[in-house]
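Peer 1: When the count follows our numbering, it moves up by one through the sequence shown with no breaks and lands on 257 for the last residue.
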Amino acid sequence: MSKGLKLTDVLVTIVIAIVFGIIYKLWGPLYAFVKPFGLQLDQLIYGMWFIAATVAFLIIRKPGVAFLAEFAAASGEFLMGSEWGLQVLMSGVVQGLFAEFIFMAFRYKRFDIMIVSLAAIGSAIGSLIMDYYNGYIGDLALWNLSLLVGFRFIGSILIAGVGAYYLVKALEATGVTSLVRPTTKQDYDALDQ
């Protein structure tokens, strides 16, 4: 079984990223709608911006896919006129790297809900670093910052962790993922020829 990315892996990752790039762009107005409710409730839906990395990794299961998917999705969102401008690209890089680090820590061999949820938290940590760097959260009172961080972690786990896991499980049930992720050694060997 080949561990390196093949052209097919890259193309499937890009297709996943395009779909989520569109979703990311459409998610912005929903996020803006929830924001005025206060108490950092908008952070409960923030995890959607991390889901490309986790879904792509669960489908392709190879090193580099989480990073590539998150960066490509952010690029797609940017090209569609993201209200956050170029910051969305840097966020995609950092969030994708932090998710990738989690999968790397487990040697790209675990695909369970716990690891995917940890990767979602990794992306959330990356996003918090970017928010601090961009000056969004540095002046918050401790209680308000605690709400923001706690709700962002919860939203990340629910959407980019648990949600991604069950989305891919549903895709697996349809047989779609077997087109890009063979299930037996013979299937892998046939692809390597």
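Just so you know, even glycine gets a beta-carbon here, dropped at the ideal spot from N, CA and C.
Along the chain, where does the alpha helix (DSSP H) that runs through A224 open and close?
Peer 2: Taken as a continuous stretch (DSSP letters only), A224 belongs to no alpha helix (DSSP H), as it is neither H nor E.
Peer 1: For T238, count neighbouring Cβ atoms within 10 angstroms of its own Cβ and tell me buried if that reaches 16, exposed if not.
Peer 2: T238 should be labelled exposed.
Peer 1: Entirely within the region 156-202 and at least 4 residues each: give me those alpha helix (DSSP H) ranges in chain order.
Peer 2: As far as the region 156-202 is concerned, its whole alpha helix (DSSP H) runs of at least 4 residues are 177-197.
Peer 1: Could you check if L206 is buried or exposed, using at least 16 other CB atoms within 10 Å of its CB as the buried criterion?
Peer 2: It is exposed - the Cβ of L206 has fewer than 16 other Cβ atoms within 10 Å.
Peer 1: When you compare each of R174, G219 and D176 to S191 by their alpha carbons, which one comes out closest?
Peer 2: Selected option, being the one with the closest Cα: G219.
Peer 1: Is there contact between the region 93-106 and the region 118-126, where contact requires at least three CB pairs shorter than 8 angstroms?
Peer 2: These segments do not touch.
Peer 1: Can the beta-carbon of I223 be found closer than 8 angstroms to that of G111?
Peer 2: Taking 8 angstroms as the Cβ cut-off, I223 and G111 qualify as a contacting pair.
Peer 1: What separation, rounded to the nearest whole angstrom, lies between the Cα atoms of P127 and I177?
Peer 2: Taking the straight line from one Cα to the other gives about 18 angstroms.
Peer 1: Inspect the beta-carbon positions of S139 and K89 and report whether they are closer than 8 angstroms.
Peer 2: No.
Peer 1: Tell me whether L90 sits in a helix, a strand or coil according to DSSP, three-state version.
Peer 2: Three-state DSSP puts L90 in a helix.
Peer 1: I need the DSSP call for P127, collapsed to helix, strand or coil.
Peer 2: Reduced to three states, the DSSP call for P127 is coil.
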